[in-house]
Amino acid sequence: MRKSRSLLAAALLAGSALCGAAKAQTASPVAPAPAASAYVNAPVAAPVSAPVTHSGHCGLFETCSSTKIGLGKGDFLIRLSALGVLPEDRDSKIWLNGAAIPGRVKTTRQVMPELTFEYFFTDNLSIDLIAASTRHEVAAEGTPLGKIDVGSAWVLPPTVTFAWHFRPHKRFNPYVGVGGTLAWFHNVSPAGGVVQKLNVGVTGGPSFNAGFDYQLVGNWFFNFDVKQMFMRMHAWANDRGSGAFIKAHDSLDPTVVGAGIEYRF
């Protein structure tokens, strides 16, 4: 009996061992632990480009970190504008052989290019000089002889203006100014007919203006300017055939409108 119990126990132990082996064979294999030196393929960030730096030179049509914004002390500008000269002919007087006669002087309008030079003494105060020459036709209207073509003349009216700028070192900078004009008449041509000889005297007077500068890009600016000039024109005409002598005074008082591009040096 004892022997049979020993055999039975041995058989149970053998069966348990066989079952454990079978379960071990059917279980999922465990992945080996990665080695410490294994390479991991991680995403790589995009390279950062180096900042663009200028080699100390700013292009002609560039606004760079070294470009001054607006206008101020020490700036010098040259401006090229389209200029409209609009004579007002406010008050005219005509004399024939010393006697006043009815009529008025009429002067034509003109558009021409204008060159301006400007310098800033301070951030707010500048001085400028304009140079332009325009050709005008002159006639006497409403006279006892009807309309008389007097002739034509070119006028050179250099004008010096002191201007006060309200917003220095800003892109938009309005201003007002006061100055004076001295006008020379040249290439004077009589119309013929009644007028065979024509002389026009030098004239001048005060002027006032208002306008603005606007910085476009880099050292380039746009300018708009309106000037009101006060000046009288004095003219003498002769008719060689009849010996008639005609004298005329006219308050030209031209309004001068200009718009153009300027560059700061």
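Residue numbers (this note's numbering): 1 to 265.
For every residue, glycine included, the Cβ atom is placed at its ideal position computed from N, Cα and C.
Contact annotation: the stretch 193-203 touches the stretch 150-165, with at least three C-beta pairs closer than 8 Å. Distances from the CA of Thr116 to each of Ala140, Arg79, Ile101 and Asp91 were compared; the closest alpha carbon is that of Arg79. Every beta strand (DSSP E) stretch that sits fully inside the stretch 57-126 and reaches 3 residues is listed by chain position as 76-86, 92-96, 99-101, 104-107 and 110-120.
Below 8 Å, enough C-beta pairs join the stretch 166-186 and the stretch 206-213 to call them touching: three or more. Here the alpha carbon of Trp164 sits roughly 31 Å from the alpha carbon of Asp91. In chain order, Gly70 place their CB closer than 6 Å to the CB of Lys170, counting only its own chain and leaving out the 5 sequence neighbours on each side.
In this structure, the CA atom of Trp236 is about 19 Å from the CA atom of Leu156.
Taken through DSSP and simplified to helix, strand or coil, Ala153 comes out as strand. If you draw a straight line from the Cα of Ile261 to the Cα of Pro113, it is about 12 Å long. The beta carbon of Leu77 is closer than 6 Å to those of Glu118, Glu262 and Arg264 in its chain, skipping five residues each way along the sequence. Under the DSSP assignment, His169 falls outside any beta strand (DSSP E); it carries neither an H nor an E label.
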